[in-house]
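Heads up, the thing below is written out as C-alpha cells.
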Amino acid sequence: MIRFLASIVLTALALPVYLRWSAEQAEEQIDKMQEAAFNTPGAEAPVTPSIVVGGIGLLFGHFVVGRRLFRLRGWQAFLSL
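Quick note, this note's numbering runs 7 ahead of the 1-based positions in the sequence shown.
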C-alpha cells in the first residue's frame, strides 16, 4: 500500500510542473500563430508536438517508475494514474 501511495504522490508532484510548462508552450505557440497569421486563418495547432511528447513521456514514465521502482502490478500502476 505504501508503494502505491508513493507512486500517486510522485505523479501528483510531477503533474503541476508539466501543466505549467505545457501552458507556457501553448501560449508561446498562440502568440506565434497570431503574429504569423494576421487576418488569415491559421494552419498550425496551438498544441505543439513537444507538448504531446511531454504528456506521453509523463504517463509512460509514471508507469515505468511504478512497475520498476515501486514494483507495482500493471493494474496498480495504471490505477495510480
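Virtual Cβ for every residue (Gly too), placed ideally from N, Cα, C.
Query                                                                              : Result
Contact belief for Val72 with Ser29 at Cβ below 8 Å, rounded distance in angstroms : Val72 to Ser29, Cβ: 20 Å. No contact.
Alpha helix (DSSP H) segment containing Pro23, residue limits                      : Ile9 to Ala43
Three-state secondary structure (DSSP) of Phe85                                    : helix
Three-state class that DSSP yields for Leu76 in the structure shown                : helix
Boundaries (first-last residue) of the alpha helix (DSSP H) holding Gly56          : The sequence given here has Pro at residue 56, not Gly. Pro56 to Val71 is the extent of the alpha helix (DSSP H) around Pro56.
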